[in-house]
Amino acid sequence: MYLKLDIAQEEDFPVLIAAEWHAFENPLQPIFRLYCPIINNDRAQSIADYTARHLADRKPQQDGDRKTESQWTKVIDSDTDVIVGGAQWIFITEPSVFVEHDDSVSSLAARHPEGGARIFATQAFKVLVEAEAKNRIKQSEECPYRYASLGTCFTIPAYRHNGVGDLLMQSGLKRVDERGMDAWIEAAPSAVPFYKRHGFVQKDIIQLDPRQPEGLARKEAEEWDAAARNTLPVGVCIMYRPARNDCVMSD
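Each residue of the sequence shown is one higher than the one before, counting from 1 in UniProt numbering.
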């Protein structure tokens with residue numbers, strides 16, 4: 001078996017995203033459903049919609065002074081030409097440390113249908129986004145507005161414990177270091193030892209525990225309850241790896 005790492009191309013995304021879903025569903029990571037819900041019990045269409053979203057996000061995005069660039073890599077078993085793992089790094093430049101996070105929360109929550117599920121997702125994402133920002137600003141006093149975030153890193157079940165994840169992390173962190181950026185991740189507790197091996201330190205532990213808002217209509221309350229059952233309990237570890245080069249202001 002020879003593993004080959006390469007930049008993911010547009011034509012790779014349908015297979016790459018399907019592999020990501022397969023990886024995080026075996027076994028199912030509860031927080032995955034927060035980021036990747038199945039809409040209308042249609043898994044295939046949900047994967048297709050998620051793929052389209054990531055294809056749209058591949059181009060550098062600018063919202064005011066905030067710049068976001070997404071880079072995906074893939075690992076292929078060259079014997080079978082099968083994608084066996086992948087990772088997404090998001091490189092972010094913000095105008096200052098005082099960034100409003102409502103847009104990020106709303107964008108993430110919009111992956112869920114309107115109603116109780118979206119209300120639940122909004123509550124959960126608000127906790128995660130604010131916790132990451134609080135820790136980042138506290139830790140990265142010199143350049144808290146230029147950083148890298150690991151969006152995903154996965155290996156399909158049949159190829160685990162074969163070095164796929166290490167290959168992805170080494171490649172991604174090389175690009176992070178070339179940009180002189182701190183790196184941040186939301187890690188499942190079970191993944192903490194893996195990320196520690198790659199230089200990350202644990203900064204915070206978040207237990208998602210939203211409470212159903214008062215005054216929801218009956219249907220919204222039922223949808224909220226269903227979303228909570230499908231997601232909770234969830235623990236998330238905020239982890240940090242300091243920049244290995246001098247922090248610079250230019251892109």
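Backbone N, C-alpha and C fix where the C-beta goes; we use that ideal spot for every residue, glycine too.
In this text the structure is predicted, and so the values were computed from the model without any measurement.
- Message: I need the straight-line Cα distance from Tyr240 to His198, nearest angstrom please.
- Response: 11 Å
- Task: For my contact list, Phe120 and Ala227 are in at a C-beta cut-off of 8 Å; report their separation, rounded to the angstrom.
- Result: 4 Å
- Item | Length of the line joining the Cα atoms of Gly235 and Pro210 | Taking the straight line joining both Cα atoms gives about 12 Å.
- Task: Select from Thr51, Ile238 and Gly85 the residue whose C-alpha is nearest the C-alpha of Ala158.
- Result: Looking at the Cα atoms, Gly85 is the closest of the given residues.
- When Ala187, Leu216, Val82 and Asp103 are compared against Thr152, the one with the closest alpha-carbon: Ala187
- Range covered by the alpha helix (DSSP H) that runs through Arg229: Arg218 to Thr231
- Give me the Cα-Cα distance between Ala131 and Thr122, rounded to the nearest whole angstrom. 14 Å
- Message: Bridge partners for Gln202 per DSSP, in chain order?
- Response: Met239
- Item | Residue environment, His112, which counts as buried when at least 16 other CB atoms sit within 10 Å | Around the beta carbon of His112, 16 or more other beta carbons lie within 10 angstroms, which makes this residue buried.
- Query: Using the rule of at least 16 other Cβ atoms within 10 Å of the residue's Cβ for burial, across every protein chain shown, is Val97 buried or exposed?
  - Reply: In this prediction, Val97 has a pLDDT of 49, which is less than 50 and means its spatial position is unreliable; what the coordinates show is noted afterwards. By the C-beta density criterion, Val97 is exposed, having fewer than 16 other C-beta atoms within 10 angstroms.
- Item | Straight-line gap, Leu167 to Trp224 (C-alpha atoms, nearest Å) | 39 Å
- Query: On the three-state DSSP scale, how would you describe Gln170?
  - Reply: helix
- Query: To which residues of the same chain is Ile206 closer than 6 Å at the C-beta, ignoring the five residues directly before and after it?
  - Reply: So the list reads Ala131 and Val236, once near-sequence residues are dropped.
- Query: How about Gly172 and Ala87: do their beta carbons lie closer than 7 Å?
  - Reply: yes
- Query: What is the DSSP secondary structure of Arg146, counted as helix, strand or coil?
  - Reply: The answer is strand: DSSP assigns Arg146 an E or B state.
- Message: Once DSSP output is grouped into helix, strand and coil, what is the label at Asp103?
- Response: helix
- Task: Give the secondary structure of Lys196 by DSSP, where H, G and I count as helix, E and B as strand, and everything else as coil.
- Result: In the three-state reduction of the DSSP assignment, Lys196 falls in the helix class, which pools H, G and I.
- Query: Are the Cβ atoms of Gly115 and Glu220 separated by less than 7 Å?
  - Reply: yes
- Task: Please classify Glu81: does DSSP put it in a helix, a strand, or coil?
- Result: In the sequence under discussion, the amino acid at residue 81 is Asp, which differs from the Glu named in the question. Looking at Asp81 - three-state DSSP - the assignment turns out to be coil, as it is neither helix nor strand.
- Task: Look at the alpha carbon of Ala39 and the alpha carbon of Arg33, and state the distance between them as a whole number of angstroms.
- Result: It should be pointed out that residue 39 corresponds to Ile in this sequence rather than to Ala. Cα to Cα, the separation comes out at about 10 Å.
- Query: Three-state secondary structure (DSSP) at Gly165?
  - Reply: helix
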